[in-house]
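Working notes, beginning with the structure itself.
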Amino acid sequence: MELPVLNPVVEIPIAARGKASLSIPEFFFGDRSDRFYVVTYGPYDDGFGWWHRNECEIGAGVFVLILAVVIWLAARVLARAQQRGRVYCRRCNYDLTGATSTTCPECGSSVVRRRPVQGRSSPRRLALPLLVFLPLLALSGWWSGRWTLNSSPKSKAWPLEWMSKAIPGWPLRRQEYVLPQKSVLQAYSLVDGKAKLIGRIAYGLGRGRPSPDGRHWAWNEFSDQNNWGNDFWSFDFMSGSKRSVSLGTREDGSGSFQGFVEGGKEGIAQLTGLVRPKYPRKPLEPAEVPITLFGIDLDTGAKRPIATTTAIASQAADGSYRLPRIVAASRLDGDPTWALLMWDKPGSGTMVLGGPSGTRQVPFASPVAGDGTQELRFEGDALQLTCGYPDPPASWQIGFDGSVNPLAATEPTSGWKGNFKKSQLLMERNGVPTVRLATKAGFSLAQKIVLSPDGKWCTGLLRATGPGANGGLVEVWDLSAAPESDPLPPR
Ligand SMILES: [Zn+2]
1 MELPVLNPVV
11 EIPIAARGKA
21 SLSIPEFFFG
31 DRSDRFYVVT
41 YGPYDDGFGW
51 WHRNECEIGA
61 GVFVLILAVV
71 IWLAARVLAR
81 AQQRGRVYCR
91 RCNYDLTGAT
101 STTCPECGSS
111 VVRRRPVQGR
121 SSPRRLALPL
131 LVFLPLLALS
141 GWWSGRWTLN
151 SSPKSKAWPL
161 EWMSKAIPGW
171 PLRRQEYVLP
181 QKSVLQAYSL
191 VDGKAKLIGR
201 IAYGLGRGRP
211 SPDGRHWAWN
221 EFSDQNNWGN
231 DFWSFDFMSG
241 SKRSVSLGTR
251 EDGSGSFQGF
261 VEGGKEGIAQ
271 LTGLVRPKYP
281 RKPLEPAEVP
291 ITLFGIDLDT
301 GAKRPIATTT
311 AIASQAADGS
321 YRLPRIVAAS
331 RLDGDPTWAL
341 LMWDKPGSGT
351 MVLGGPSGTR
361 QVPFASPVAG
371 DGTQELRFEG
381 DALQLTCGYP
391 DPPASWQIGF
401 DGSVNPLAAT
411 EPTSGWKGNF
421 KKSQLLMERN
431 GVPTVRLATK
441 AGFSLAQKIV
451 LSPDGKWCTG
461 LLRATGPGAN
471 GGLVEVWDLS
481 AAPESDPLPP
491 R
């Protein structure tokens, strides 16, 4: 039986990174099934990669060229001295003062065609060229000096390389140019069977998330881009604009992005302060760390403190302090309005709840070890903790009394299931294939396909196949375009 074929609505190329033939991106649908997000990680070429690798050599070349021109000019002027009040051959600088011949007796060039020049002092003759070339020389010198920041490892980049060897204590040292590591988000809106790119942003490697309403993407920027400051950033998909809100200076601690309040009006950021040990410091004695939660209005950028509390950092034998893994959540109404989960030790933690009725601490048995991709949300009169890596993500409901209940992974209600067979990707319902998903030639499915929360879209990661092939594709199919009725009876 010939199955109907469903073409992808979008194919997003995924580059190979380094030795890996394919770096696995993070890709998922938004809560409302109207957004699709792909996040890739790794070295990020801003398009000026070749220039960054070579500009200092070019600068050094220009520097040497201009230096040669200046030396040649100076040598020429000094070798062919003139005196004021006398006239000279334009070609060979022979003193023609008082000469009556129409040709230069020295070089024979016509004095009529090439009129003699008035004699000037050497500094005067050098003034204009030096005025032009000396700033250029300084500029190209500074430019090539930036070689200390940007240079390919194999370049010689003389004369600075030579100076660094010849002159003891020479301050300019080579630093290899390294492509910065970035997270790159590509966001698509999914409407009427079409995927439209609504945002492409690059930011320092870190966790970013879409707001539940799909209007913003938020993250914590801690990179050279913001001079290693504590900034909460958000991107507005409607206006295409970015906004940053400072959480404090570096001396205030380190910021982290936690998630969103219910509905996605505010982003939640946590500022973890510096460790405050008691003095005199005793070995293995724990110390306090101030924790501040902020809500940042994603439309106005207004920052409001939600809570301040204290975490206890344990001291290791080497004297360093280890902070418990903390995840935070907040909501605008109710009691409590904010919650922090702190993993004090493996297998147990402390939940701190705060709101109109005050702040209280509730112990809980930890469902997971402190993992970097956990997310905490208010869900009605409980909290929901989602663990990042397993697929589908494992999640737990945590009551305000500290009770922990695992939540079963919800299967999509549509009844669609992925089936990978003979390089054909089939979608089946009631055990019978009903549609074939067209995939680009030369690619095969790398992971199982994922459905959108409403079951109307699905996505999969494809890997390039064949010898020497690398890279991949993320494809999205519109399942609502597939035939509704099942032509065959269920098994
Ligand atoms: Zn002459």
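According to this note's numbering, the sequence shown is numbered sequentially starting from 1.
Idealized CB from N, CA, C, for every residue including glycine.
Between the beta-carbon of residue i and the beta-carbon of residue j, is there less than 8 Å?
i, j, result
"E475", "E11", "yes"
"R304", "E288", "no"
"R209", "G301", "no"
"S452", "F29", "yes"
"A438", "L6", "yes"
"D224", "V245", "no"
"S189", "R322", "no"
"E262", "F378", "yes"
"L185", "Y44", "no"
"T495", "I296", "Any question about residue 495 goes unanswered here, given that the chain covers just 1 to 491."
"V39", "S183", "yes"
"G358", "T337", "no"
"K265", "L298", "yes"
"I398", "F364", "yes"
"S125", "R90", "Residue identity check: residue 125 is Arg in the sequence provided, not Ser. Not closer than 8 Å, so no."
"A187", "Y37", "yes"
"I312", "P286", "yes"
"I66", "L136", "yes"
"S330", "L293", "yes"
"D335", "P356", "yes"
"T102", "S110", "yes"
Which residues does DSSP list as the beta-bridge partners of residue i?
i, result
"I398", "L383, V404"
"G206", "Paired residue(s): none; G206 is not in a bridge."
"A464", "F443"
"E221", "D231"
"Y188", "F36, L197"
"P356", "Paired residues: none, contrary to the question."
"R458", "Reading the sequence as shown, one finds Cys at residue 458 and not Arg. Beta-bridge pairing links C458 to L451, W477."
"D236", "H216, S241"
"A497", "What the structure shows of the chain is the stretch from 1 to 491, and residue 497 is not part of that stretch, so it cannot be assessed."
"T308", "T292"
If you measure from the CB of residue i, is any heavy atom of ligand 1 nearer than 7 Å?
i, result
"E106", "yes"
"S101", "no"
"R91", "yes"
"S109", "yes"
For residue i, is the classification buried or exposed, using 16 other Cβ atoms within 10 angstroms of its Cβ as the cut-off for buried?
i, result
"E221", "buried"
"A127", "exposed"
"C458", "buried"
"F48", "exposed"
"K440", "exposed"
"W51", "exposed"
"N93", "buried"
"K282", "exposed"
"L247", "buried"
"P8", "buried"
"A79", "exposed"
"T434", "buried"
"P25", "buried"
So, at 6 Å on beta carbons, what are the nonlocal neighbours of residue i in its own chain, with the 5 sequence-adjacent residues on each side left out?
i, result
"V362", "M351, G402"
"A481", "G193"
"S366", "W343, G347, S348, G349"
"S21", "N470"
"F63", "S140, G141, S144"
"T100", "none"
"V327", "L341, Q374, L376"
"L274", "G253"
"P406", "W396"
"S314", "P286, R322"
In chain order, what residues of the same chain have a beta carbon less than 8 Å from the beta carbon of residue i, not counting five sequence neighbours either side?
i, result
"V191", "D34"
"H216", "P210, S234, F235, D236, F237, G264, G267, L298"
"L462", "T439, K440, F443, S444, L445, A446, G472, L473, V474, E475"
"T465", "G442, F443, S444"
Whose C-beta lies closer than 7 Å to the C-beta of residue i among residues of the same chain, with five residues either side of it excluded?
i, result
"G119", "Q82, Q83, R84, G85, R86, V87, Y88"
"G468", "none"
"P13", "G471, L473"
"A316", "R322"
"T413", "Here T413 scores only 48 on pLDDT, less than 50, and its place in the model is too uncertain to base an answer on."
Within 7 Å: the Cβ of residue i and any heavy atom of ligand 3?
i, result
"L407", "Absent from the structure shown: ligand 3. Ligands present: ligand 1."
Kindly say whether residue i, judged by its beta-carbon, lies nearer than 8 Å to any beta-carbon of chain B.
i, result
"P4", "No chain B is present in this structure, which holds just one protein chain."
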